[in-house]
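Asks:
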Amino acid sequence: MGETVQTFRTVLEATGGNNVGIVVPDEVVAAFGRGKRVPVSVTVDGTYTYATSIASMGGRFLVSFNAATRAATGRGAGDDIEVRLELDDGPREVDVPESLRAALDADPGVRTAWTSLSSSKQKAHVLSVSSARTEPTRERRLALVVEALREAGARG
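Heads up, the sequence shown is in the numbering used here, so the first residue is 12 and it goes up one at a time.
(1) Tell me whether T145 is buried or exposed, calling it buried when 16 or more other Cβ atoms sit within 10 Å of its Cβ.
(2) Would you call the segment 64-74 in contact with the segment 104-112, where contact means no fewer than 3 C-beta pairs closer than 8 Å?
(3) Please list the terminal residues of the continuous alpha helix (DSSP H) segment that includes L160.
(4) Kindly indicate which three-state DSSP category A113 falls into: helix, strand or coil?
(5) Quick one: what's got a C-beta closer than 7 Å to T15's C-beta in the same chain, skipping five residues either side?
(6) Taking contact to mean 3 or more Cβ pairs, one atom from each stretch, closer than 8 Å, check whether the segment 21-41 and the segment 80-96 are in contact.
(7) So, does the CB of R81 fall closer than 9 Å to a CB anywhere in chain C?
(8) Near N29, what residues of its chain come up, given a Cβ to Cβ distance below 8 Å and the 5 sequence neighbours on each side ignored?
Right, here's the structure in full:
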């Protein structure tokens, strides 16, 4: 069994476009003993924590540092940070809005397709619905999510 916590300092790196990432040293990934994709809880400068996975991209290991994380931490590309990575084997729960929950409950095929999605894909669908500013937009987006899940279930 590998280590469960790793801490290191690094500089946030621009990874193209508006993207910023934490480059994770190879030896840190190896210490987890879990292969190339490791689910982790990331703590930045001891104050802000979020769940994600270490991923292999372009021949190196990265952790996403998205716009919401940059806003919450006040950090961006070029900033020096302390990173604490903790192995996160727990289930990743997504807070599903009531309208989407009702749609999932109404159709077992849609529910099955939903449960087969990764938590990050579930979050993307939830954000699509919950970020709508008007009820007609929310309803339209909900219908699109349900249709996409129906199609995925039919293929699946």
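Note that beta-carbon positions come from the ideal geometry of N, C-alpha and C, so glycine has one too.
Replies: Inspection of the coordinates gives the following:
(1) The sequence position of residue 145 within the sequence shown is 134, counting from 1. That one is exposed.
(2) no
(3) Walking along the sequence shown from the start, residue 160 turns up at place 149. 146-166 is the extent of the alpha helix (DSSP H) around L160.
(4) On the sequence shown, position 102 is the one that residue 113 refers to. Note: A113 maps to helix in three-state DSSP.
(5) Within the sequence shown, numbered from 1, the residue matching residue 15 stands at position 4. If we look at T15 and ignore the five residues flanking it on each side, its Cβ neighbours are E97, L98.
(6) Here the segment 21-41 makes contact with the segment 80-96; the two share three or more CB pairs at distances below 8 Å.
(7) Protein chain content of the structure displayed is limited to a single chain, and chain C is not contained in it.
(8) One-based indexing of the sequence shown puts residue 29 at position 18. Only A78 meet the Cβ criterion.
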